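Residues in the sequence shown are numbered from 371 upward in steps of one, following this note's numbering.
From the three backbone atoms N, C-alpha and C, an ideal C-beta is built for every residue, glycine too.
Predicted model, so just to flag it, every value in this text is computed and none were measured.
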Amino acid sequence: MTATDPVLTALAQGWYALSSLYGRIEAHIERALQAGHGLSVREYSLLNTLSRQHDGEGGHLQMKQVADAVVLSQSATTRLVTRLEDRGLLSRYLCPTDRRGIYTNVSEAGFRLLAEARPTHDAALREALDDAAKNPELAPLVEAVESLHVPA
371 MTATDPVLTA LAQGWYALSS LYGRIEAHIE RALQAGHGLS VREYSLLNTL SRQHDGEGGH
431 LQMKQVADAV VLSQSATTRL VTRLEDRGLL SRYLCPTDRR GIYTNVSEAG FRLLAEARPT
491 HDAALREALD DAAKNPELAP LVEAVESLHV PA
């Protein structure tokens with residue numbers, strides 16, 4: 371294949387469309403969360419991910435798992451956790467079975483903020499998808515996103 375190969379060109383165009391859809395959605399949600407709750411998309415994502423932890427086996431996430439879930443490096447995730455901990459939204463504690471491990475929990479204030487922000491997030495997501503569906507290049511991607519049934 372060459373750089374002007376139609377298959378590569380189509381793949382690149384598909385990637386650009388996907389990147390455009392992601393950017394539009396993230397920017398729309400960011401504005402809504404910042405305006406309504408003083409949260410960034412990353413902060414919301416971290417609170418949402420950590421809120422799903424449980425006390426059963428494998429129920430608490432290590433920092434690497436959290437970083438993977440919120441699509442950040444471990445160092446960026448640690449800085450994000452520190453910011454939310456400073457705001458009283460998270461707390462850290464040592465793993466009881468491995469003193470080298472540190473876990474993070476959502477505080478009561480964090481759960482309250484997440485509950486208040488979730489409808490804003492969901493409405494902004496819906497608005498962004500509806501807006502993107504009007505664009506012929508993005509409409510098939512919106513349909514693909516809407517057809518996904520990923521467990522929470």
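query: With 16 other Cβ atoms within 10 Å as the buried cut-off, status of Arg412; result: buried
query: Three-state class that DSSP yields for Asn475 in the structure shown; result: strand
query: Ser461 (DSSP reduced to helix, strand or coil); result: strand
query: Rounded Cβ spacing between Arg394 and Ala502 (contact assumed at less than 8 angstroms); result: 6 angstroms
query: In chain order, each alpha helix (DSSP H) run of at least 4 residues that lies wholly inside the segment 398-449; result: 411-421, 433-440
query: Per-residue DSSP class, three states only, for His491; result: helix
query: Expected contact under 8 angstroms - CB spacing of Val440 and Leu416 to nearest Å; result: 5 angstroms
query: Residue from Ser517, Ala498, Tyr473 whose Cα sits closest to the Cα of Ala402; result: Ala498
query: Distance between Arg462 and Ala397 (C-alpha atoms, nearest Å); result: 30 angstroms
query: Reduced DSSP category for Pro466 - H, G, I as helix; E, B as strand; rest coil; result: coil
query: Leu442 vs Leu450 beta-carbon contact at 8 angstroms; result: yes
query: Separation of Leu508 from Pro376, as counted between CA atoms; result: 20 angstroms
query: Inter-residue CB distance, Leu381 and Leu511 (contact presumed, cutoff 8 angstroms); result: The pair is not a contact, with the Cβ atoms about 14 angstroms apart (cut-off 8 angstroms).
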